[in-house]
Amino acid sequence: MTSGRGRRAFLAALAALACAAASPAAAQDEVPKSMTAEEARPAMEHALDWLLANQREDGAWGTGVNDVLWESGFSVETYYTWQVAAHGLVCLALLEVPETPERRAALERGLEWLCTAREPKRGSDWDSDFVWSGLYGSVACVAAATDPRFQEGEWPGLLEKAGRTYLGILERNQVPTGGWAYYDDPIYSRRPKWATSFCTALVLPTLQEALGLGWLSDPAILARATRYVERCAVPDGAYEYDLNPVPRINGGEHINRIQGSLGRTQVCNWGLREVGVDKITEDRVREGVEVFFDEHRFLDVARLRPIPHEAYYANAGYFYFFGHYYAARAINLLPAEEREAFHAKLRPHLVKVQRRDGSSTDFHDSLTMKVAGTAYLALSLSLGMPQEKAP
Amino acid sequence: MKRPLRPSTRRSTVSAFLALVCAGASSSCVLAVHDEGSSDFGSGRSKSSLVSANVKDSGGPSGSSEMDLELAELGLEVARHEAAGSRFQAEAALELAALELDQARQALSQAEADGSLKLDEAQLDLQRATNRLIEQKAELAELESMYAEEEFAQKTKELVLTRGKSQVAMAEAGLMLAKQRMKLLESMQLPAEQAKKSLAVQKAELGLQKAEAGLKQAELKGRVQVLQAEKKLAETRDKSADDGEKKE
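Taken in sequence, the protein lines are chains A and B. The working numbering applies: residue 413 is where the first sequence begins, and numbers increase by one. The working numbering applies: residue 72 is where the second sequence begins, and numbers increase by one.
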């Protein structure tokens, strides 16, 4: 056993290390204000390497069981439904990034798993997290179905069948006001009643494409969803978390103020503009991106906080990657000459949160969150890479 | 309002009374207490053994006369002690009555302030309940308007509207209760509470008056007792002097 003096010295060294690590100044010094695509490329490659290394033998990413205590309390089915959603995100990332033989092989195995996996079910009366799998399952299937690499052989049929299954979840669970989310409240009903702006917005372009593919027959689904997101808009550029008949914003810190909407403003602007909502002009998109960087500290301080919505303006840790990914999407809606400056500002915020092994998470350390976080990271960086998508 | 006695005055009064009580408790009868001519408290010395011896030894007319004189002296001393004790008790009662009156007045004043606060709170609750009803009605109307735009998910809409309608009904009931509470508070609870406190003040005022009268009565009675004892002592001395002259 060490002597008292030795222990004290060790503790002092540990405390100094902790202080240095916690010092915002030290952390800020390490994060550049901007970064070129080439400087960020290794981080994207590293993230993709981690994803490939962590693909299971059956082609899946993540796990369908609860592997962190923090996430206890959800229905048993929910962990599987999150896995499907996170898996969908990895497929999206691999569809987006420059192709290599290893990535192509991983993508094909991943898409095969996505297309043949058991259909996710609603976990309980209140817990309808399976909507996440409906959302990102649909997005991934539609993205693959519109990718020139998957137009032959069994792929079109496989993707259509799976796509219709995931879209079916959305059709059956679209709330009366038109959106989607992941909980229901009393009186519990087969069709849930609660939706959020960001869940709904993320799938708008996919719904439009699905209508074009003939996978959806009723255009009213898209119209209702679009209207839902439009109604969530608040005059200052924020979007309500969820649609209320009369918007709820109090005078202080509130999630529906612009600082609490950083993770939603981008996806809502992007989703609405992609489906042709005139109100979302380039100026509006630009303003959203600018405010994202101006108020970015509220996402920084929320990242990795283990309790949902515990940071300022009720920001949650898991807004981080979601917000950055759709910020990258929103940036790409701006005129070509403007994009690089914004991507250059975005990249450091992605690279700084990557772990040494290439993975990342913005919330709990569950495998599924790491898969989702790493996929978002790779996707966000790839959207800022010049003209590299595979033919 | 009578001001409480100063601590030093109170202490000396209390110690005097305690000395009196102790002296009384230490003797088997009042005759056992003797004070050598001092009218001050606290200097009394017990001479019970001496007095007992005198009683036992007294035999002839001379002895009887001396004893009468001594008894008269002791009687005067007892009268003075009793007068002082009665005065002390009356003063203490007066002091307590004054404190009780003070407390009762404070309680009344507090009840008046508290009543005003309760009234404001009830008014706020009423306003809150009124606003809640307005908001719930507006929200329901907005929801109905949103739902009316297209025929979709009718059953789920009905569930949500049912929930909205019950919220309106609950807000209506809440408003009704807030109104009743306000009325009850204004017309019954607060007046009753204040009347109770006013009555307590009146009682305390009467108690003070009674204590003041008690003090005056104790002073007069004490004076009478002491005068009677002085008179008796003077008479006994005169008689003793006459007896002495006759003897000579």
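Backbone N, C-alpha and C define an ideal beta-carbon position, used for all residues, glycine too.
Assigned with DSSP and collapsed to three states, residue 594 of chain A falls in coil, not helix or strand.
Membership of residue 743 of chain A in the alpha helix (DSSP H) is indicated by the continuous run 731 to 743. Under the DSSP assignment, residue 720 of chain A falls outside any alpha helix (DSSP H); it carries neither an H nor an E label. The beta carbons of residue 467 of chain A and residue 518 of chain A sit about 5 Å from each other, so the pair counts as a contact at 8 Å. Annotation: the continuous alpha helix (DSSP H) that includes residue 269 of chain B extends over 261 to 318.
Pairing residue 493 of chain A with residue 538 of chain A gives a Cβ-Cβ distance that is not under 8 Å. Shown here for residue 207 of chain B: same chain residues with a beta carbon closer than 7 Å to its own, the five before and five after excluded, namely 238, 239 and 242 in chain order.
Taking one beta carbon from each stretch, the stretch 611 to 618 of chain A and the stretch 634 to 649 of chain A have 3 or more pairs nearer than 8 Å; the two touch. Under the Cβ criterion of 8 Å, residue 658 of chain A is counted among the residues facing chain B.
Listed along the chain, the chain B residues whose CB falls inside 8 Å of the CB of residue 599 of chain A are 230, 233 and 234. Short of 7 Å from the beta carbon of residue 789 of chain A, and not among the five residues preceding or following it, lie these beta carbons of its own chain, in chain order: 459, 733, 762, 766 and 772. At a cut-off of 8 Å between beta-carbon atoms, residue 241 of chain B makes no contact with chain A. The count of Cβ pairs closer than 8 Å, one atom from the stretch 273 to 281 of chain B and one from the stretch 181 to 194 of chain B, stays below three, leaving the stretches out of contact. Proximity of residue 588 of chain A to chain B, defined by a Cβ-Cβ separation below 8 Å, is satisfied. Interface residue (Cβ-Cβ distance to chain A less than 8 Å): residue 256 of chain B is not classified as such.
Collapsing the DSSP output to three states places residue 600 of chain A in coil. The three-state secondary structure of residue 191 of chain B, taken from DSSP, is helix. Nearest C-alpha to residue 737 of chain A among A:726, A:747, A:725 and A:755: A:755. With respect to residue 535 of chain A, residue 554 of chain A sits apart: the two C-beta atoms are not nearer than 8 Å.
Closer than 9 Å at the C-beta level to chain B, one finds these residues of the stretch 634 to 656 of chain A: 635, 636, 639, 643, 655 and 656. By the rule that beta-carbons nearer than 8 Å mark a contact, residue 632 of chain A touches chain B.
Per the Cβ contact rule, the stretch 682 to 697 of chain A is not in contact with the stretch 706 to 716 of chain A (fewer than 3 Cβ pairs under 8 Å).
Take residue 455 of chain A, set aside five residues on each side of it, and the residues of its chain with a beta-carbon closer than 6 Å to its own are 763 and 766, in chain order. Residue 249 of chain B and residue 210 of chain B have their alpha carbons spaced roughly 21 Å apart.
In the assembly as shown, residue 653 of chain A is a buried residue. Its beta-carbon has 16 or more other beta-carbons within 10 Å.
Apart from sequence neighbours up to five positions away, the residues of its chain that approach residue 171 of chain B with a beta-carbon distance below 7 Å are 275 and 278, ordered along the chain. Looking at the DSSP output, residue 651 of chain A bridges to A:645. Within chain A, 587, 588, 601, 602, 603, 604 and 605 have C-beta atoms less than 9 Å from the C-beta of residue 227 of chain B, given in sequence order.
DSSP, read as helix, strand or coil, puts residue 173 of chain B in helix. With a 10 Å radius around the Cβ and a threshold of 16 neighbouring Cβ atoms, residue 727 of chain A comes out buried. Chain-order list of chain A residues neighbouring residue 209 of chain B: 658, by C-beta distance under 7 Å. Residue environment analysis places residue 560 of chain A among the exposed positions, since fewer than 16 neighbouring C-beta atoms fall within 10 angstroms of its C-beta. The DSSP-derived three-state label of residue 706 of chain A is helix. Annotated three-state conformation of residue 470 of chain A is coil, per DSSP. In this structure the stretch 221 to 238 of chain B touches the stretch 585 to 602 of chain A; the number of beta carbon pairs closer than 8 Å is three or more. Not flagged as an interface residue toward chain A: residue 204 of chain B, since no C-beta distance is shorter than 8 Å.
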